[in-house]
Amino acid sequence: MIMERGKLLHSFTGDETERRQYRRVPLQFPLWWLKDRKVDNPVPGIGIEISGGGLKFLLQNRIARIACSIAFRVSDRCMRANISIIHSVEVVFKGQAWQQYSAKFEGLMNTDFDFVVAFTGPIQIGRAHV
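Quick note on numbering that gives the first Met the number 0: the sequence shown kicks off at 0 and runs consecutively.
See below:
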């Protein structure tokens, strides 16, 4: 059975106004920046927060572009995503200088999106949980 590519990827188009609807979970997890979108030379980093809308992570490298690809692992599940960097700042982590990035998901498989949302908890609408 062949599925259309659009049906495999989660659509974040409706999330633009309510990106903060997803519960953010502080969590340290392995992450790799796929420099030039290639998997043969990943740059290791550390994920520090995740939600259904995006994540925060640390790299010792600067990412020159707003859009990039990453791979990450949460609870033994490996995932890959296209992201847009929305904020970066230099921080000190374990005595070393790192770049901390806040990013929103632009491309994530539907099954991975469902996993992240289930992992992080219920969607928040106002103060109510769904």
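Every residue gets a Cβ at the ideal spot worked out from N, C-alpha and C, and that includes glycine. Computed from a prediction, not measured in an experiment: that's the story for all the values here.
* To do: Taking the CB atoms as reference points, tell me whether Ser83 and Ile65 lie closer together than 7 Å.
  => Position 84 of the sequence shown, counted from the first residue, corresponds to residue 83. Position 66 of the sequence shown, counted from the first residue, corresponds to residue 65. Yes, they are a contact pair.
* Excluding five sequence neighbours on each side, which residues of the same chain lie with their C-beta closer than 7 Å to the C-beta of Lys103? -> Here residue 103 refers to the residue found at position 104 of the sequence shown. Cβ within range, chain order: Arg18, Gly52, Gly53, Ile82, Ser83, Ile85.
* Asked: Residues bridged to Arg61 by DSSP?
  -> By one-based count along the sequence shown, residue 61 stands at place 62. Its beta-bridge partners do not exist; DSSP assigns none.
* Asked: Run through DSSP, which three-state label would Lys103 get?
  -> Numbered from 1 along the sequence shown, position 104 holds the residue referred to as residue 103. Residue state, collapsed to three classes: strand.
* For Asp111, the nearest candidate out of Cys77, Gln99, Phe28 (CA to CA) -> In the sequence shown, the residue the question calls residue 111 occupies position 112. Of the listed residues, the one whose Cα sits closest to Asp111 is Cys77.
* **Inter-residue spacing [alpha-carbon to alpha-carbon] between Pro29 and Val116** => Taking the first residue of the sequence shown as position 1, residue 29 is located at position 30. Taking the first residue of the sequence shown as position 1, residue 116 is located at position 117. Whole-angstrom Cα-Cα distance: 18 Å.
* Helix, strand or coil for Phe92, going by three-state DSSP, please let me know. => For the purposes of this step, residue 92 is identified with residue 93 of the sequence shown, where counting begins at 1. Three-state DSSP puts Phe92 in a strand.
* To do: Rank Leu8, Val90, Phe71, Val91 by C-alpha distance to the C-alpha of Val42 and give the top, closest one.
  => In the sequence shown, counting from the first residue as 1, residue 42 sits at position 43. Of the candidates Leu8, Val90, Phe71, Val91, the one whose C-alpha sits nearest the C-alpha of Val42 is Phe71.
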